[in-house]
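*Asks:* My structure is below; once you've seen it, I'll send some questions.
Number of protein chains: 2
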Amino acid sequence: MARVVVDVMLKPEILDPQGQAVQRALPRLGFEGIADVRQGKRFELEVEGPVDAAALRRIHELAETFLANTVIEDFTVRVEEPAVSEEAPA
Amino acid sequence: MARVVVDVMLKPEILDPQGQAVQRALPRLGFEGIADVRQGKRFELEVEGPVDAAALRRIHELAETFLANTVIEDFTVRVEEPAVSEEAPA
Numbered sequence: 005m006a007r008v009v010v011d012v013m014l015k016p017e018i019l020d021p022q023g024q025a026v027q028r029a030l031p032r033l034g035f036e037g038i039a040d041v042r043q044g045k046r047f048e049l050e051v052e053g054p055v056d057a058a059a060l061r062r063i064h065e066l067a068e069t070f071l072a073n074t075v076i077e078d079f080t081v082r083v084e085e086p087a088v089s090e091e092a093p094a
Numbered sequence: 005m006a007r008v009v010v011d012v013m014l015k016p017e018i019l020d021p022q023g024q025a026v027q028r029a030l031p032r033l034g035f036e037g038i039a040d041v042r043q044g045k046r047f048e049l050e051v052e053g054p055v056d057a058a059a060l061r062r063i064h065e066l067a068e069t070f071l072a073n074t075v076i077e078d079f080t081v082r083v084e085e086p087a088v089s090e091e092a093p094a
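Those sequence lines, one after another, are chains A and B.
Numbering-wise (my numbering), the first sequence opens with residue 5 and increments by one.
Numbering-wise (my numbering), the second sequence opens with residue 5 and increments by one.
Structure (structure tokens):
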């Protein structure tokens, strides 16, 4: 089973009040030197079967239509490599 | 300015109703073959100055005390390389 990660973030030109709230709280909490914070969503999808080009295209469509609001959000789709990779003999 | 990404996900043993809601909706929407979905948070921090071991230790502390609830959530901290773009701009 492969894991595909979809990251959904507000577009840079869209105000991010959650991120701003975090960023403004940091100096009060003793953390200096963080110029900006943006907060978004991370989806981990466990995919049955091979994650080939067709599967990734399907997940891209899923993210575009369902996980992200593409009017205000950008998203990225990537396969997360397992910590231990096994290679089948040819 | 370097970007550090903090991913916060519910621990595997904690029920994730948001992820479950997404996963259950997928077949209705025509997406089969997704065995599980977990939904978490992604924070992008723009860090002033060099991201050295001390800065990363500080951000780790920040994530642990402020961004994640470590009773129910796990988090990872990583530096995002600026040169690598996952999605080509249109």
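Note that CB positions come from ideal geometry on N, CA and C, so glycine has one too.
If you measure between the beta carbons of residue 36 of chain B and residue 7 of chain B, is that distance less than 8 Å?
*Replies:* Against a cut-off of 8 Å, the Cβ pair of residue 7 of chain B and residue 36 of chain B comes out as no contact.
*Asks:* What are the partner residues of residue 6 of chain B, as DSSP defines its beta bridges?
*Replies:* Bridge partners of residue 6 of chain B: B/51.
*Asks:* Excluding five sequence neighbours on each side, which residues of the same chain lie with their C-beta closer than 7 Å to the C-beta of residue 78 of chain B?
*Replies:* Excluding sequence neighbours, residue 78 of chain B sits near 13, 15.
*Asks:* For the beta strand (DSSP E) that residue 81 of chain B lies in, which residues bound it at each end?
*Replies:* Start and end: 77 to 84.
*Asks:* When Cβ atoms are compared, which residues of the stretch 24 to 57 of chain A fall closer than 8 Å to chain B?
*Replies:* So the list reads 26, 29, 30, 33, 35, 37, 38, 39, 40, 41, 42, 43, 44, 45, 46, 47, 48, 49, 50, 51, 52, 53, given in the order they occur along the chain.
*Asks:* When burial is assigned at 16 or more other CB atoms within 10 Å of the CB, is residue 53 of chain A buried or exposed?
*Replies:* That one is exposed.
*Asks:* Please report the distance separating the alpha-carbon of residue 38 of chain B from that of residue 20 of chain B.
*Replies:* Spanning the two alpha carbons is a distance of roughly 15 Å.
*Asks:* Tell me the rounded alpha-carbon separation between residue 31 of chain A and residue 32 of chain B.
*Replies:* Distance between the alpha carbons of residue 31 of chain A and residue 32 of chain B: 46 Å.
*Asks:* Quick one: list the residues of chain B neighbouring residue 61 of chain A, beta-carbon separation under 9 Å, in chain order.
*Replies:* Within 9 Å Cβ-Cβ: nothing; residue 61 of chain A doesn't reach chain B, min ~12 Å.
*Asks:* DSSP three-state call for residue 37 of chain B: helix, strand or coil?
*Replies:* DSSP places residue 37 of chain B in coil when its eight states are reduced to three.
*Asks:* Can you tell which of B/61, B/25, B/73 has the C-alpha that lies nearest to the C-alpha of residue 82 of chain B?
*Replies:* Checked all of B/61, B/25, B/73; the closest Cα to residue 82 of chain B is B/61.
*Asks:* Taking Cβ-Cβ distances below 9 Å as the criterion, which residues of the stretch 61 to 79 of chain B are in contact with chain A?
*Replies:* Within the stretch 61 to 79 of chain B, the residues whose Cβ lies closer than 9 Å to some Cβ of chain A are 62, 63, 65, 66, 69, 70, 71, listed in chain order.
*Asks:* Quick check on DSSP: helix, strand or coil for residue 14 of chain A?
*Replies:* Residue 14 of chain A falls in the strand class under three-state DSSP.
*Asks:* What are the start and end residues of the alpha helix (DSSP H) that includes residue 71 of chain A?
*Replies:* Taken as a continuous stretch (DSSP letters only), residue 71 of chain A belongs to no alpha helix (DSSP H), as it is neither H nor E.
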